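> According to numbering that gives the first Met the number 0, the sequence shown holds residues 0 to 260 in order.
Ideal Cβ positions, reconstructed from N, Cα and C, are used throughout, including at glycine.
None of the values given here were measured: they were computed from a predicted structure.
Before we start, here is the structure in question, set down as structure tokens.
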Amino acid sequence: MCSPEHFAVEYAINPWMDVTTPVDSQLAVKQWDRLRESLVGLGHEVHLLTPEQGLPDMVYAANGAFVVDGTVYGAQFKHEQRAAEAAAHRAFYESQGWRFIAPIETNEGEGDFAYLPDAHGGLILAGHGFRTELPAHAEAQEALGRPVVSLRLVDPRFYHLDVALASIDDENVVYYPGAFSAASQRVLTQLFPDAVVADAEDALAFGLNLVSDGLNVVLNSEATRLAGKLKAAGYHPVPVELAELKKGGGSVKCCIAELRH
Ligand code: ARG
0 MCSPEHFAVE YAINPWMDVT TPVDSQLAVK QWDRLRESLV GLGHEVHLLT
50 PEQGLPDMVY AANGAFVVDG TVYGAQFKHE QRAAEAAAHR AFYESQGWRF
100 IAPIETNEGE GDFAYLPDAH GGLILAGHGF RTELPAHAEA QEALGRPVVS
150 LRLVDPRFYH LDVALASIDD ENVVYYPGAF SAASQRVLTQ LFPDAVVADA
200 EDALAFGLNL VSDGLNVVLN SEATRLAGKL KAAGYHPVPV ELAELKKGGG
250 SVKCCIAELR H
């Protein structure tokens, strides 16, 4: 995770960002801190990246890389404004001795990649259409040695996979069908017949932008109906308020890069 000390909406690279909306960075830090405390309270270890001035989106740490079984596939940001974030993530992984593979293709890390270790022997889901480009899906497959299933995103409000779909345990997902092309929706129903399906309202409340440890599902507090569905499916929803970070177009998952040893 990376503190939103320097968070601001200085440019608009997704439909949620409006440079005229004021951001309360102190409140952003406070809300982010509660998210960090929730994770620690659930028994997870949180490592921190040092935020850098001039990189206002660095709080969205999920975009910096994608890690599977100890191997790190680095990011190559689509927009110039975020390009420098990739080096900070790379330095973190290299200093900790992870196996790092530098990308050539445009991809935004866990923003567009999800991993299901127990689905079909270990499956990567990958989004394209807005940020990550299709050749990166093939590059990730070669880097990580897991099959990559490409899913096409069609609604600019859901510009990353992680605002439309999340893993809720090692083999199942929750997603909002409307974010995907009709063909990709068919692929998802074929692969995940038991998926939890979210509605537009919960999706627009950033409900899908969640992290789960297989039992506890940390999600945006506005996604109340989704929290109910997850509870009914046997999970334990942990709501967190992240209103300030929504102004940059992100929520819970965007703030967290998962370290998979
Ligand atoms: N403002 C950031 C961008 O548009 C938000 C990134 C959100 N991160 C995510 N993993 N969806 O790039």
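How far does the beta strand (DSSP E) with A125 in it extend, from its first residue to its last?
Where A125 is concerned, the enclosing beta strand (DSSP E) stretches over 122-127.
> Buried or exposed: where does T20 fall if 16 or more other Cβ atoms within 10 Å of its Cβ makes it buried?
exposed
> Go through its chain and collect everything with a Cβ distance to K246's Cβ below 6 Å, but skip five positions before and after it.
Taken in chain order, the residues that qualify are V8, T20, V22.
> Does the segment 140-157 touch the segment 64-81, meaning 3 or more C-beta pairs lie closer than 8 Å?
Touching, yes, given that three or more Cβ pairs across the two stretches are closer than 8 Å.
> For Y114, which of A83, L164, A82 has the nearest alpha-carbon?
Y114 has its Cα closest to that of L164, out of A83, L164, A82.
> Name the residue from Q75, V217, G120, S166 whose alpha carbon lies nearest to the alpha carbon of A135.
Q75
> Less than 8 Å between the CB of D212 and some heavy atom of the ligand ARG, yes or no?
no
> From the DSSP output, in three-state form, read off Q75 for me.
Residue state, collapsed to three classes: strand.
> Would you kindly work out how many angstroms separate the C-alpha atoms of C253 and S149, rounded to a whole number?
Near 20 Å, if we compare the C-alpha coordinates of S149 and C253.
> Express the C-alpha separation of W15 and K29 in angstroms, rounding to a whole number.
C-alpha separation (whole angstroms): 21 Å.
> Taking DSSP as the reference, what is the three-state secondary structure of L209?
coil
> Is DSSP giving V162 helix, strand or coil here?
helix
> Specify the secondary structure class of F6 as computed by DSSP and reduced to three states.
coil
> Identify whether F191 lies in helix, strand or coil by the three-state DSSP scheme.
coil
> I want to know whether the segment 206-222 touches the segment 117-126 - three or more CB-CB distances under 8 Å.
no
> Is the number of C-beta pairs between the segment 95-102 and the segment 30-43 that are closer than 8 Å three or more?
no
> Starting from P236, trace the beta strand (DSSP E) in both directions and tell me its first and last residue.
235-239
> I'd like to know whether the C-beta atoms of F112 and Y72 end up nearer to each other than 9 Å.
The answer is yes: Cβ separation under 9 Å.
> Report back the beta-carbon spacing between P3 and S24 to the nearest angstrom; my notes put them in contact at under 8 Å.
Correct: roughly 6 Å between the Cβ atoms.
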